[in-house]
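Peer 1: Attaching a single structure in C-alpha cells format; questions to follow.
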Amino acid sequence: SIVFLVSSFFVLLIYNQFIINKMRRASSVLLSQSIRSGNAPILAANMGVLGTENAFTILARAAVLANEGKDIINLGIGQPDFPTPDHIVEAGVKALRDGHHGYTPANGIKPLREAVAADILKYRNATVDPDNIVIVPGGKVTLFNCIMMFGEPGAEIMYPNPGFPIYESVIKYSGATAVPIPMLEENGFSFDVEALLANITPKTRLIIINSPANPTGGIVSKESMDRLAEGLMEHPHVSIMSDEIYCRLQYTGLDISPSMLAYEHLRDRLIILDGWSKTYAMTGWRLGYGVWPSSLAPKATQLNINSTSCTNASAQWAALAATSGPQQDVTDMNTSFLRRRDLIVNELNTIPGFSCSAPKGAFYAFANIKETGKTSREIESLLLEELGVATVAGTSFGHLGEGYLRFSYAASDDNIKGAMDRIRTRAHAGW
Numbered sequence: 002s003i004v005f006l007v008s009s010f011f012v013l014l015i016y017n018q019f020i021i022n023k024m025r026r027a028s029s030v031l032l033s034q035s036i037r038s039g040n041a042p043i044l045a046a047n048m049g050v051l052g053t054e055n056a057f058t059i060l061a062r063a064a065v066l067a068n069e070g071k072d073i074i075n076l077g078i079g080q081p082d083f084p085t086p087d088h089i090v091e092a093g094v095k096a097l098r099d100g101h102h103g104y105t106p107a108n109g110i111k112p113l114r115e116a117v118a119a120d121i122l123k124y125r126n127a128t129v130d131p132d133n134i135v136i137v138p139g140g141k142v143t144l145f146n147c148i149m150m151f152g153e154p155g156a157e158i159m160y161p162n163p164g165f166p167i168y169e170s171v172i173k174y175s176g177a178t179a180v181p182i183p184m185l186e187e188n189g190f191s192f193d194v195e196a197l198l199a200n201i202t203p204k205t206r207l208i209i210i211n212s213p214a215n216p217t218g219g220i221v222s223k224e225s226m227d228r229l230a231e232g233l234m235e236h237p238h239v240s241i242m243s244d245e246i247y248c249r250l251q252y253t254g255l256d257i258s259p260s261m262l263a264y265e266h267l268r269d270r271l272i273i274l275d276g277w278s279k280t281y282a283m284t285g286w287r288l289g290y291g292v293w294p295s296s297l298a299p300k301a302t303q304l305n306i307n308s309t310s311c312t313n314a315s316a317q318w319a320a321l322a323a324t325s326g327p328q329q330d331v332t333d334m335n336t337s338f339l340r341r342r343d344l345i346v347n348e349l350n351t352i353p354g355f356s357c358s359a360p361k362g363a364f365y366a367f368a369n370i371k372e373t374g375k376t377s378r379e380i381e382s383l384l385l386e387e388l389g390v391a392t393v394a395g396t397s398f399g400h401l402g403e404g405y406l407r408f409s410y411a412a413s414d415d416n417i418k419g420a421m422d423r424i425r426t427r428a429h430a431g432w
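Be aware that the sequence shown starts at 2, since it is given in our numbering, and climbs by one per residue.
Below, the structure written as C-alpha cells:
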C-alpha cells in the first residue's frame with residue numbers, strides 16, 4: 002500500500018542518516034587518533050622547501066623578550082620608523098568616507114596606474130603605459146607572481162646572494178633551480194657582470210636584480226648595468242625582474258644606480274618591482290606595483306584574480322595621494338637616513354671584531370663580523386639574548402652572508418647610539 006511505501010521510505014531515510022552520522026563520528030575519531038599519533042596532513046612536496054624571512058622571526062622573539070621586561074633596541078626589521086605622512090593617511094580615511102569599500106579592477110584603479118606612470122617618467126625618465134602597471138598588495142606579490150610565471154622543474158632562476166630571502170624561497174617553491182649571483186664585499190656588494198653572463202644557460206628563465214639592495218645597501222653601477230643590458234642581447238630567452246623598491250633611497254653625491262627601464266631593448270622581457278612601503282613609510286598598508294611587458298601584464302592580472310582579487314580600495318587612494326602629492330616628507334626621511342647611515346657606520350667601525358663599508362642606498366648596514374671568531378647566527382643570538390639588540394644574521398639572506406650581520410638604521414639616533422654602546426662594551430670584554 003501507499004502507506005507502507007511511505008513508511009518504508011522514512012525508515013530507510015532515518016537509517017541512512019544514522020549510518021552517515023556513525024561514519025562521521027568514526028572519521029572524527031580516526032582523525033583525532035591520527036593527530037595524537039603524530040600523523041600530519043599530507044602536503045604538497047614543495048611546502049617542504051618554502052623558506053621564510055628571518056627578520057620577522059627576530060621581531061617576534063624581540064617582542065617576547067620585551068614583554069618579559071627586557072629593554073630591546075630593534076635594529077632588525079626593515080621598515081622606516083617614521084609615521085606615514087599625514088596627507089596620505091587623510092586620503093585613505095577620505096576614501097573610506099567617500100564609499101570606496103568595494104572591489105577594484107584586479108590590476109588597480111586607473112588614476113593610480115596613471116600616477117605611477119607619471120612618477121616613473123619624473124624619477125626614472127622612462128615612459129610606461131598605465132595598462133602595463135599592475136597594482137598589488139605589497140611588493141612580494143609581484144615577486145611571487147613573477148617567479149611562479151617562470152619557475153618550474155628544469156628551469157633555472159638567478160638571484161642575488163646575499164639577498165632578500167624570499168627570492169630563493171619562492172624559486173625553490175616553484176620547482177626551479179635557484180642559481181646564486183654572488184654579491185661580495187670586495188665588489189662593493191655588487192655582482193661581477195662577466196661571471197653573471199657566463200653562468201647563463203639554456204635553462205635560465207629569469208634573472209633577479211636588486212639595486213639598491215637588501216641586505217647590503219649596495220648598488221649596481223651604471224657601468225655594470227650597461228654591460229649587463231648589452232650582454233643580455235645574446236640571451237633573448239632570459240627575462241629580468243628588477244627589484245627597485247629602494248630606488249628613491251639613494252644618497253646624494255654617490256653614483257646613482259639606473260633603472261633597468263632605461264634599456265629599451267629589454268622592455269619586452271623586463272619586469273619592474275616597486276611600491277610605497279619604503280619610500281613613504283607605508284609598510285603596513287601593503288601596497289606595491291609591477292611594471293610588466295604588454296604580453297605579461299594580463300597574466301599578472303590573472304594571477305591577482307586567482308589569489309588576492311584586488312588591492313585594498315582605500316589604500317590605493319592613499320597611494321595616489323602619496324605618488325601625486327608633496328614629496329617633502331620623502332626628502333626629509335632620506336636626509337635622516339643619510340645622517341643615520343654615517344652614524345652607524347662610524348660606530349660599527351669602532352667596535353672590535355666589526356668593520357663596515359658605507360652603504361650607497363636603502364637603510365641597511367651589512368657589517369663584517371668575521372674577526373669576532375663567531376658565526377653570524379651566534380652573534381645575532383648573543384646580541385639579542387644578552388644585550389637586547391635585535392639584528393639579522395647574514396646567513397638569513399643566503400649562505401654567502403656568513404660572517405656578516407645586517408643592521409637596519411631605520412631607527413632613531415638615540416637607539417642606534419644605545420645599541421652601539423652595548424655592543425662595544427661587550428666587544429671590549431671579549432667575544
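The beta carbon of each residue, even a glycine, is placed where N, CA and C say it ideally should be. Quick caveat, the model's predicted, so the values are computed rather than measured.
For the alpha helix (DSSP H) holding Leu207, just list the boundary residues, first then last.
Peer 2: The residue you call residue 207 lines up with position 206 of the sequence shown. No alpha helix (DSSP H) holds Leu207; the beta strand (DSSP E) holding it covers 205-211.
Peer 1: Just reading off the beta strand (DSSP E) that Ile182 is part of, what are its end residues?
Peer 2: Position 181 of the sequence shown, counted from the start, is the residue given in the question as residue 182. Ile182 -> beta strand (DSSP E) spans 178-183.
Peer 1: Using the beta-carbon count (16 or more within 10 Å), is Met226 buried or exposed?
Peer 2: Residue numbering aside, residue 226 sits at position 225 when the sequence shown is read from its first letter. By the 10 Å Cβ count, Met226 comes out buried.
Peer 1: Which ranges would you report for the alpha helix (DSSP H) in the segment 223-283 if only whole runs of at least 4 residues count?
Peer 2: 223-232
Peer 1: Suppose contacts are defined by Cβ-Cβ distances below 9 Å. Is Ile246 in contact with Leu271 by that definition?
Peer 2: For the purposes of this step, residue 246 is identified with residue 245 of the sequence shown, where counting begins at 1. For the purposes of this step, residue 271 is identified with residue 270 of the sequence shown, where counting begins at 1. Contact flag unset, no.
Peer 1: Quick check: the Cα distance between Pro42 and Met48, rounded to an integer number of angstroms?
Peer 2: For the purposes of this step, residue 42 is taken as the residue at position 41 of the sequence shown. For the purposes of this step, residue 48 is taken as the residue at position 47 of the sequence shown. Cα to Cα, Pro42 sits roughly 12 Å from Met48.
Peer 1: Pro86 and Asp330 look like a contact to me (Cβ under 8 Å); what is the Cβ gap, rounded to whole Å?
Peer 2: For this step, residue 86 is matched to residue 85 along the sequence shown. For this step, residue 330 is matched to residue 329 along the sequence shown. That belief holds up - the Cβ atoms of Pro86 and Asp330 are roughly 4 Å apart, short of 8 Å.
Peer 1: Specify, as a first and last residue, the run of the beta strand (DSSP E) that Asn369 falls within.
Peer 2: Reading the sequence shown from its first residue, position 368 is the one you call residue 369. Residues 365-369.
Peer 1: Using DSSP with H/G/I as helix, E/B as strand and the rest coil, what is Glu186?
Peer 2: Numbered from its first residue, the sequence shown carries residue 186 at position 185. Glu186: helix per DSSP, three-state reduction.
Peer 1: Can you list, in chain order, the residues of its chain with a C-beta nearer than 6 Å to that of Ala316? Leave out the 5 residues immediately preceding and following it.
Peer 2: In the sequence shown, residue 316 corresponds to position 315, counting from 1. Cβ neighbours of Ala316 beyond the five flanking positions: Trp286, Leu288.
Peer 1: If you run the structure through DSSP and keep just helix, strand and coil, what is Tyr124?
Peer 2: By one-based count along the sequence shown, residue 124 stands at place 123. Note: Tyr124 maps to helix in three-state DSSP.
Peer 1: Reducing DSSP to helix, strand and coil, say where Gly164 ends up.
Peer 2: The residue labelled residue 164 in the question sits at position 163 within the sequence shown. Judged by DSSP in its simplified three-state form, Gly164 adopts coil rather than helix or strand.
Peer 1: How big is the Cα-Cα spacing for Thr178 and Ala196?
Peer 2: Stepping through the sequence shown from its first residue, residue 178 is reached at position 177. Stepping through the sequence shown from its first residue, residue 196 is reached at position 195. Rounded to the nearest angstrom, the two C-alpha atoms are 18 Å apart.
Peer 1: Just reading off the alpha helix (DSSP H) that Ile110 is part of, what are its end residues?
Peer 2: On the sequence shown, residue 110 is found 109 positions in, with the first residue counted as 1. Unbroken run through Ile110: none, as it is neither H nor E.
Peer 1: CA-CA distance, Thr143 and Val239?
Peer 2: Numbered from 1 along the sequence shown, position 142 holds the residue referred to as residue 143. Numbered from 1 along the sequence shown, position 238 holds the residue referred to as residue 239. The straight-line gap from Cα to Cα measures roughly 18 Å.
Peer 1: For Glu186, tell me which candidate among Ser175, Leu198, Gly218 has the shortest Cα-Cα distance.
Peer 2: Locating residue 186 in the sequence shown gives position 185, counting from the first residue. Glu186 has its Cα closest to that of Gly218, out of Ser175, Leu198, Gly218.
Peer 1: Grab me the residues of Lys375's own chain with a C-beta within less than 8 Å of its C-beta, minus the 5 sequence neighbours each way, in chain order.
Peer 2: Residue numbering aside, residue 375 sits at position 374 when the sequence shown is read from its first letter. The answer, listed in chain order, is Leu383, Trp432.
Peer 1: Using only the alpha-carbon positions, how far apart do Ile36 and Ala45 sit?
Peer 2: Your numbering for residue 36 matches position 35 in the sequence shown. Your numbering for residue 45 matches position 44 in the sequence shown. Because the pLDDT of Ile36 is 47, which lies under 50, any placement of that residue in the model is unreliable, and the question is left without a value.
Peer 1: Do you know how far the Cα of Tyr168 is from the Cα of Glu174?
Peer 2: Numbered from 1 along the sequence shown, position 173 holds the residue referred to as residue 174. Numbered from 1 along the sequence shown, position 167 holds the residue referred to as residue 168. In the sequence on display, residue 174 carries Tyr and not Glu. Spanning the two alpha carbons is a distance of roughly 10 Å.
Peer 1: How far does the alpha helix (DSSP H) with Ile134 in it extend, from its first residue to its last?
Peer 2: Within the sequence shown, residue 134 is the residue found at index 133, counting from 1. Per DSSP, Ile134 belongs to no alpha helix (DSSP H); it is in the beta strand (DSSP E), 134-137.
Peer 1: With a threshold of 8 Å (Cβ to nearest heavy atom), would Lys71 be considered close to the ligand COA?
Peer 2: Ligands are entirely absent from the displayed structure, and the ligand COA is therefore not among its contents.
Peer 1: Which same chain residues end up closer than 7 Å to Leu97 when comparing Cβ atoms and leaving out the 5 residues on each side of it in sequence?
Peer 2: Start at 1 with the first residue of the sequence shown, and residue 97 comes out as number 96. Cβ neighbours of Leu97 beyond the five flanking positions: Ser315.
Peer 1: Among the candidates Asn347, Leu198, Met150, Leu250, whose CA atom is the shortest distance from the CA of Met234?
Peer 2: By 1-based counting over the sequence shown, the position of residue 234 is 233. Here the closest residue by C-alpha is Leu198.
Peer 1: Just reading off the beta strand (DSSP E) that Val292 is part of, what are its end residues?
Peer 2: Indexing the sequence shown from 1 puts residue 292 at position 291. Residues 289-292.
Peer 1: If we ignore side chains and look at the alpha-carbon of each, how far apart do Val137 and Val50 end up?
Peer 2: Translated into positions along the sequence shown, residue 137 becomes position 136. Translated into positions along the sequence shown, residue 50 becomes position 49. Their backbone Cα atoms lie some 25 Å apart in a straight line.
Peer 1: For Ser337, report the span of its alpha helix (DSSP H) as first-last.
Peer 2: Within the sequence shown, numbered from 1, the residue matching residue 337 stands at position 336. 329-349 is the span of the alpha helix (DSSP H), which, as asked, contains Ser337.
Peer 1: Need the endpoints of the alpha helix (DSSP H) that Phe408 sits in, please.
Peer 2: Taking the first residue of the sequence shown as position 1, residue 408 is located at position 407. Unbroken run through Phe408 is the beta strand (DSSP E), 405-409; no alpha helix (DSSP H).
Peer 1: So, are the CB atoms of Ala56 and Ile78 less than 9 Å apart?
Peer 2: Numbered from 1 along the sequence shown, position 55 holds the residue referred to as residue 56. Numbered from 1 along the sequence shown, position 77 holds the residue referred to as residue 78. Yes, the Cβ-Cβ distance between Ala56 and Ile78 is below 9 Å.
Peer 1: Cα-Cα, which of Thr309, Thr312, Thr280 is closest to Pro327?
Peer 2: Sequence index remark: in the sequence shown, residue 327 carries index 326 (1-based). Closest option to Pro327, judged by alpha-carbon separation, among Thr309, Thr312, Thr280: Thr280.
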